[in-house]
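Q: Questions regarding the structure given below will be posed in turn.
Number of protein chains: 2
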Amino acid sequence: MKSELDALMQAKNLDAFVVFGHAENNPPMTYLTGGGHVTHATIIKKRGEEPIYFFGDMERDEAAKSGLKLIPYSKYDAAELWKKSNHDGALAAALRLESMFRDAGVTTGRVGVYGFYDLSAIFGMLSHVQTLIPEIEFVGEAREDSIFMHAMETKDESEANRIRKMGRITTEVVDKVKDFLTACDVREDEVLLKEDGTPLTVGDVHSKIRLWVAERGAELPSGFIFAIGRDAGVPHSSGNPTDLMRLGQTIVFDIYPAEAGGGYYYDFTRTWSLGYATPEAQELFDQVKEIYDQLNSNFDLNAPFRNYQQMTCEYFEARGHQTLLHTKAPVEGYVHSLGHGVGLNIHERPFSNLMNGDDHRLAPGVVVTSEPGLYYPEKGMGFRIEDTYWVRPDGKMEILADYPYDFVLPMKKWKK
Amino acid sequence: MKSELDALMQAKNLDAFVVFGHAENNPPMTYLTGGGHVTHATIIKKRGEEPIYFFGDMERDEAAKSGLKLIPYSKYDAAELWKKSNHDGALAAALRLESMFRDAGVTTGRVGVYGFYDLSAIFGMLSHVQTLIPEIEFVGEAREDSIFMHAMETKDESEANRIRKMGRITTEVVDKVKDFLTACDVREDEVLLKEDGTPLTVGDVHSKIRLWVAERGAELPSGFIFAIGRDAGVPHSSGNPTDLMRLGQTIVFDIYPAEAGGGYYYDFTRTWSLGYATPEAQELFDQVKEIYDQLNSNFDLNAPFRNYQQMTCEYFEARGHQTLLHTKAPVEGYVHSLGHGVGLNIHERPFSNLMNGDDHRLAPGVVVTSEPGLYYPEKGMGFRIEDTYWVRPDGKMEILADYPYDFVLPMKKWKK
Numbered sequence: 001m002k003s004e005l006d007a008l009m010q011a012k013n014l015d016a017f018v019v020f021g022h023a024e025n026n027p028p029m030t031y032l033t034g035g036g037h038v039t040h041a042t043i044i045k046k047r048g049e050e051p052i053y054f055f056g057d058m059e060r061d062e063a064a065k066s067g068l069k070l071i072p073y074s075k076y077d078a079a080e081l082w083k084k085s086n087h088d089g090a091l092a093a094a095l096r097l098e099s100m101f102r103d104a105g106v107t108t109g110r111v112g113v114y115g116f117y118d119l120s121a122i123f124g125m126l127s128h129v130q131t132l133i134p135e136i137e138f139v140g141e142a143r144e145d146s147i148f149m150h151a152m153e154t155k156d157e158s159e160a161n162r163i164r165k166m167g168r169i170t171t172e173v174v175d176k177v178k179d180f181l182t183a184c185d186v187r188e189d190e191v192l193l194k195e196d197g198t199p200l201t202v203g204d205v206h207s208k209i210r211l212w213v214a215e216r217g218a219e220l221p222s223g224f225i226f227a228i229g230r231d232a233g234v235p236h237s238s239g240n241p242t243d244l245m246r247l248g249q250t251i252v253f254d255i256y257p258a259e260a261g262g263g264y265y266y267d268f269t270r271t272w273s274l275g276y277a278t279p280e281a282q283e284l285f286d287q288v289k290e291i292y293d294q295l296n297s298n299f300d301l302n303a304p305f306r307n308y309q310q311m312t313c314e315y316f317e318a319r320g321h322q323t324l325l326h327t328k329a330p331v332e333g334y335v336h337s338l339g340h341g342v343g344l345n346i347h348e349r350p351f352s353n354l355m356n357g358d359d360h361r362l363a364p365g366v367v368v369t370s371e372p373g374l375y376y377p378e379k380g381m382g383f384r385i386e387d388t389y390w391v392r393p394d395g396k397m398e399i400l401a402d403y404p405y406d407f408v409l410p411m412k413k414w415k416k
Numbered sequence: 001m002k003s004e005l006d007a008l009m010q011a012k013n014l015d016a017f018v019v020f021g022h023a024e025n026n027p028p029m030t031y032l033t034g035g036g037h038v039t040h041a042t043i044i045k046k047r048g049e050e051p052i053y054f055f056g057d058m059e060r061d062e063a064a065k066s067g068l069k070l071i072p073y074s075k076y077d078a079a080e081l082w083k084k085s086n087h088d089g090a091l092a093a094a095l096r097l098e099s100m101f102r103d104a105g106v107t108t109g110r111v112g113v114y115g116f117y118d119l120s121a122i123f124g125m126l127s128h129v130q131t132l133i134p135e136i137e138f139v140g141e142a143r144e145d146s147i148f149m150h151a152m153e154t155k156d157e158s159e160a161n162r163i164r165k166m167g168r169i170t171t172e173v174v175d176k177v178k179d180f181l182t183a184c185d186v187r188e189d190e191v192l193l194k195e196d197g198t199p200l201t202v203g204d205v206h207s208k209i210r211l212w213v214a215e216r217g218a219e220l221p222s223g224f225i226f227a228i229g230r231d232a233g234v235p236h237s238s239g240n241p242t243d244l245m246r247l248g249q250t251i252v253f254d255i256y257p258a259e260a261g262g263g264y265y266y267d268f269t270r271t272w273s274l275g276y277a278t279p280e281a282q283e284l285f286d287q288v289k290e291i292y293d294q295l296n297s298n299f300d301l302n303a304p305f306r307n308y309q310q311m312t313c314e315y316f317e318a319r320g321h322q323t324l325l326h327t328k329a330p331v332e333g334y335v336h337s338l339g340h341g342v343g344l345n346i347h348e349r350p351f352s353n354l355m356n357g358d359d360h361r362l363a364p365g366v367v368v369t370s371e372p373g374l375y376y377p378e379k380g381m382g383f384r385i386e387d388t389y390w391v392r393p394d395g396k397m398e399i400l401a402d403y404p405y406d407f408v409l410p411m412k413k414w415k416k
């Protein structure tokens, strides 16, 4: 929770932090400001004090929405800084940042550096600031262990509600895709047809998905997955736009829409086979569904997340599949880990990797995915089932959006 | 151009560079790889050698599309690194990066750091690498002066074509918005109505814009602007979603769609007044249009971009408006600079600020906006006209998408 930030700073021995970048698509900044169209903002927070939000004057209305203490960049005379820096952009930026630190009362100690932004510009600027205020030590943190990742790890009711709303939008879109696909005409060679009689491609379906998400006011990162056949067997292949949609092939459909402007995500996957499934595909799907259900009835409050990755690997290895438990970087079998936290980052704490510590737990407030899968690109098939869960304050695991798990989707105008 | 990178590295005395982050929405990475769904990639390039693309195994198909020399992260044993680092994530990442640098033959010299990514994680990791390979010096650059900003500054025909295509999509969407607005019914108090008879809001129009951009397969950053009245007078206000659409008020409509996945942008603004305009608004609009046209007929090949900012400020000051020429951070009048380069970054070189050097020029190959405007939030009005131009290899300035400049849009079902 955001209220933990001061305690987390103390635990990490940070006297202050600075966050750079846009207010959108920049989780630490969005977390502190609530978002808004602020394109080059800076936040400086001294431990135990309120954050100060520095912003460009043209964006004053957007910045004001944050409710934070505000200082416009115009307070610092750009022409004078430019002159003083001898027309060195990195130094001019550093001189301004020096004044901002002094205005925030930060002149000594360990200062954490955060934000998603231009590494080169910030690296260059901070090298200069280091010389201008030598008593400050700038500090980075391992991504998975930063104060923001820790604060963001547990969600309150209002955050869970925002994720739940994205879940509703997600399942609405998934259902529209299902209705659209199953209503298609089918050619003799089992290729699906569009209304104009030409073959339906994966790219056509991608367009529909983008459109239906946009209609609902959400954003869809372009790496979402709707892949068929071999591409479904490569976990992060987005799907080849020119592939034709066919009956009896596995489709992996993994989407993770977010609130517009880089807000909270939802993460969701279903695997389908249109019209019918091959016996081999049905068997593999049934295994994925079986372990998915077993996990679901075994999730325990406060248990280490990696325990469920262990359980999943053992289940799959017992059935002859490679997993990360005994194979390094497998390319077939169960090739990834079970899940991850979801929030303002699509991947955040807790993580389920086998080597993670006990601090990655199913603690009250975490929002996590459970997503076992099997991948056989050479056989032209892949499978994954994924839902997003909230561990409620009362310790119950709640799926944030319900949706059926059917593998074979009957076609409305086609029978075997 | 990309082919200039080695020469730019030499000029900046860089022996190598490293780029971190996703392949999407990360201009230096997109520039080198062509994009694709690669979520945590690294590129290392030694001067004079081909770049090496390090990627996660699950994303091998996407990485392969780049045509670059590939090394999967799985080459570096994660479990061993984790053990060796004593379970310190930043150190484990640094140990891997150390091996990657050694594999790329980079063990000494000045190494530029680039990419849009998690500042904290990279800062933490590089501090460790600095200790592991002390002969390397990591270097940042001022954003506007980096080797990537310089290389990207000039576009070839194929890049111009991609921007032109986004321009076509942009003007199609703008035209749909125009048709939609002018077809609305109008209430007695001059409020526009939706088909269901309720008032049309700015938020409704935002939704339409998002939808129509998505339908065309492009992405629209959520900070796009469609604002009316007072909000039109604040240059970067996105527009208040609950504002009602009314006749006779100025509307600033500024959109900058990009190719899906964070590709090339187009940047465009028109100002409208529905049904009629007040005489004061008409006069201010006419001034903006007049200087817009004057600029257009004065653009000279290779002239410093700031000359046109100077010309615009002088034009507006002669008519009694505040500008950056003699006012620091004006909040009304002409409050911004004339334009900026457009490419994989919505704002890139060349820039038109008065204090910029002669190196920000209208050189062959640059793509720039021209966007004079006037802003009077207290009067409830704002104005801006913006098009995106390519300076062709033959030195001609070409508007990449034509669209009419009409200020007053007649309503189809309403007359004064």
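Keeping their order, the protein sequence lines are chains F and S.
Going by the working numbering, the first residue of the first sequence is number 1, and it counts up by one from there.
Going by the working numbering, the first residue of the second sequence is number 1, and it counts up by one from there.
The beta-carbon is built from N, C-alpha and C at its ideal position, and this holds for glycine as well.
Predicted model, so just to flag it, every value in this text is computed and none were measured.
Given a threshold of 16 other Cβ atoms within 10 Å of its Cβ, counted over all protein chains shown, does aspartate 267(F) qualify as buried or as exposed?
A: Counting from one through the first sequence, the residue named residue 267(F) turns up at place 267. Buried, by the Cβ-count rule.
Q: Mind pulling the chain F residues with CB within less than 9 Å of methionine 355(S)?
A: Working through the second sequence from its first residue, we reach residue 355(S) at position 355. Neighbours of methionine 355(S) on chain F, chain order: Ala78, Ala79, Trp82, Lys83, His87.
Q: With a CB to CB cut of under 8 Å and the five nearest residues on each side skipped, what residues in its chain are close to valine 234(S)?
A: On the second sequence, position 234 is the one that residue 234(S) refers to. Within the same chain, valine 234(S) has close Cβ partners Ala227, Tyr375, Pro377, Gly382.
Q: What first and last residue would you give for the alpha helix (DSSP H) that runs through serine 120(S)?
A: Taking the first residue of the second sequence as 1, we reach residue 120(S) at position 120. If you look at serine 120(S), you'll find it in the alpha helix (DSSP H) that goes 119-132.
Q: Where does glutamate 137(S) fall in DSSP's three states?
A: Counted from its first residue, the second sequence places residue 137(S) at position 137. Strand, per DSSP.
Q: Just how far apart, CA to CA, sit lysine 289(F) and threonine 312(F)?
A: Taking the first residue of the first sequence as position 1, residue 289(F) is located at position 289. Taking the first residue of the first sequence as position 1, residue 312(F) is located at position 312. When rounded, the distance between both Cα atoms is 11 Å.
Q: Measure the C-alpha to C-alpha separation of leucine 70(S) and isoleucine 52(S) and round it to an integer number of angstroms.
A: In the second sequence, the residue the question calls residue 70(S) occupies position 70. In the second sequence, the residue the question calls residue 52(S) occupies position 52. Computed Cα separation, rounded: 6 Å.
Q: Secondary structure at serine 352(S), three-state DSSP: helix, strand or coil?
A: Counting from one through the second sequence, the residue named residue 352(S) turns up at place 352. Coil, per DSSP.
Q: Cβ of proline 235(F) less than 8 Å from any chain S Cβ?
A: Sequence index remark: in the first sequence, residue 235(F) carries index 235 (1-based). Chain S, which has a Cβ nearer than 8 Å to the Cβ of proline 235(F), makes this yes.
Q: If you measure beta-carbon to beta-carbon, which residues of the region 28-51 of chain F are closer than 9 Å to chain S?
A: Residues of the region 28-51 of chain F that bring their beta carbon within less than 9 Å of a beta carbon in chain S comprise Pro28, Gly35, Gly36, His37, Val38, Thr39, in sequence order.
Q: Closest Cβ-Cβ distance between valine 140(S) and chain F: below 8 Å?
A: Stepping through the second sequence from its first residue, residue 140(S) is reached at position 140. Looking at the sequence shown, residue 140(S) is not valine but glycine. It does; some Cβ of chain F falls within 8 Å.
Q: For histidine 360(S), would you say it is in contact with chain F, using Cβ-to-Cβ distances shorter than 8 Å as the test?
A: If you number the second sequence from 1, residue 360(S) lands on position 360. By this cut-off, histidine 360(S) is not an interface position.
Q: Taking 8 Å as the threshold (C-beta atoms), are tryptophan 390(S) and valine 186(S) in contact?
A: Locating residue 186(S) in the second sequence gives position 186, counting from the first residue. Locating residue 390(S) in the second sequence gives position 390, counting from the first residue. No, the pair does not count as a contact, with Cβ atoms beyond the cut-off.
Q: Is the CB-CB distance between phenylalanine 20(F) and threonine 39(F) below 8 Å?
A: Along the first sequence, read from residue 1 onward, the residue named residue 20(F) stands at position 20. Along the first sequence, read from residue 1 onward, the residue named residue 39(F) stands at position 39. No, the pair does not count as a contact, with Cβ atoms beyond the cut-off.
Q: Is alanine 218(F) near methionine 152(F), with beta carbons less than 8 Å apart?
A: Here the question's residue 218(F) lines up with position 218 in the first sequence. Here the question's residue 152(F) lines up with position 152 in the first sequence. It is not a contact, given that the beta carbons lie outside the stated cut-off.
Q: Do glutamate 80(F) and leucine 132(F) have their CB atoms nearer than 8 Å?
A: Start at 1 with the first residue of the first sequence, and residue 80(F) comes out as number 80. Start at 1 with the first residue of the first sequence, and residue 132(F) comes out as number 132. Between glutamate 80(F) and leucine 132(F), the CB-CB gap reaches or exceeds 8 Å.
Q: Within 10 angstroms of the Cβ of glutamine 130(F), are there 16 or more other Cβ atoms? Answer buried if so, exposed if not.
A: Counting from one through the first sequence, the residue named residue 130(F) turns up at place 130. Exposed: under 16 other Cβ atoms inside 10 Å.
Q: By Cβ distance, which residues of its chain are closer than 8 Å to glutamate 190(S), with the 5 residues on each side in sequence left out?
A: The residue given as residue 190(S) occupies position 190 in the second sequence. Same-chain partners within the cutoff: Arg246, Leu247, Gly248, Gly275.
Q: Nearest by alpha-carbon distance to leucine 301(S): which of Asp103(S), Gly48(S), Lys396(S) is it?
A: Taking the second sequence and counting its residues from 1, one reaches residue 301(S) at position 301. If we check each option's Cα against that of leucine 301(S), Lys396(S) comes out closest.
Q: Decide if proline 436(F) is buried, meaning its Cβ has at least 16 other Cβ atoms within 10 Å, or exposed.
A: Absent from the structure is residue 436(F), since the part of chain F shown begins at 1 and ends at 416.
Q: Hey, would you say leucine 68(S) sits closer than 8 Å to threonine 30(S), going by beta carbons?
A: By 1-based counting over the second sequence, the position of residue 68(S) is 68. By 1-based counting over the second sequence, the position of residue 30(S) is 30. Not closer than 8 Å, so no.
Q: Report yes or no: is there a C-beta of chain S within less than 8 Å of the C-beta of glycine 382(F)?
A: The residue labelled residue 382(F) in the question sits at position 382 within the first sequence. Cβ-Cβ to chain S under 8 Å: no for glycine 382(F).
Q: Report the start-end ranges of each beta strand (DSSP E) in the region 236-309 of chain S that is 3 residues or longer and not cut off at the edges.
A: 250-255, 268-274
Q: Using the C-alpha atoms, what's the distance from phenylalanine 224(F) back to phenylalanine 253(F)?
A: Here residue 253(F) corresponds to residue number 253 of the first sequence, with the count starting at 1. Here residue 224(F) corresponds to residue number 224 of the first sequence, with the count starting at 1. Each residue's Cα considered, the two are about 8 Å apart.
Q: Could you tell me whether the region 109-118 of chain S touches the region 8-24 of chain S, using the rule of 3 or more Cβ pairs below 8 Å?
A: The count of Cβ pairs closer than 8 Å, one atom from the region 109-118 of chain S and one from the region 8-24 of chain S, reaches three, so the stretches are in contact.
Q: Given 8 Å as the limit, is there contact between the region 170-186 of chain F and the region 363-370 of chain F, that is, 3 or more CB pairs closer than that?
A: no
Q: Between the C-alpha atoms of glycine 115(S) and phenylalanine 17(S), what's the straight-line distance to the nearest angstrom?
A: Translated into positions along the second sequence, residue 115(S) becomes position 115. Translated into positions along the second sequence, residue 17(S) becomes position 17. Computed Cα separation, rounded: 11 Å.
Q: Any heavy atom of the ligand ZN inside 7 Å of the beta-carbon of threonine 327(F)?
A: Within the structure as shown, the ligand ZN is missing, as the structure has no ligands at all.
Q: Decide if the region 177-184 of chain F is in contact with the region 202-213 of chain F; the criterion is three or more beta carbon pairs, one per stretch, under 8 Å apart.
A: yes
Q: Measuring only the C-alpha atoms, how far is valine 113(F) from glutamate 144(S)?
A: Residue numbering aside, residue 113(F) sits at position 113 when the first sequence is read from its first letter. Residue numbering aside, residue 144(S) sits at position 144 when the second sequence is read from its first letter. So the two alpha carbons sit approximately 21 Å from each other.
Q: Alpha carbon to alpha carbon, what distance is there between serine 127(S) and proline 134(F)?
A: For this step, residue 134(F) is matched to residue 134 along the first sequence. For this step, residue 127(S) is matched to residue 127 along the second sequence. Roughly 16 Å between the two C-alpha positions.
Q: Taking the beta strand (DSSP E) that aspartate 6(S) belongs to, which residues open and close that run?
A: Taking the first residue of the second sequence as 1, we reach residue 6(S) at position 6. Taken as a continuous stretch (DSSP letters only), aspartate 6(S) belongs to no beta strand (DSSP E), being part of the alpha helix (DSSP H) at 5-11.
Q: Would you give the residue range spanned by the alpha helix (DSSP H) that serine 207(S) belongs to?
A: Here the question's residue 207(S) lines up with position 207 in the second sequence. Looking at the DSSP string, the run of the alpha helix (DSSP H) that includes serine 207(S) is 202-215.
Q: Would you decide whether arginine 164(S) is buried or exposed? Buried here means 16 or more other CB atoms lie within 10 Å of its CB.
A: Translated into positions along the second sequence, residue 164(S) becomes position 164. Counting Cβ neighbours within 10 Å, arginine 164(S) comes out buried, since at least 16 surround it.
Q: Return the Cβ separation of leucine 200(F) and isoleucine 255(F) in integer angstroms, given the expectation that the two are a contact with Cβ distance under 8 Å.
A: One-based indexing of the first sequence puts residue 200(F) at position 200. One-based indexing of the first sequence puts residue 255(F) at position 255. Between isoleucine 255(F) and leucine 200(F) the Cβ distance is about 18 Å, and since that is not below 8 Å, they are no contact.
Q: Would you mind reading off the limits of the beta strand (DSSP E) that contains alanine 232(S)?
A: What you label residue 232(S) is simply residue 232 of the second sequence in a count that begins at 1. Careful: alanine 232(S) lies outside any beta strand (DSSP E) and carries neither H nor E.
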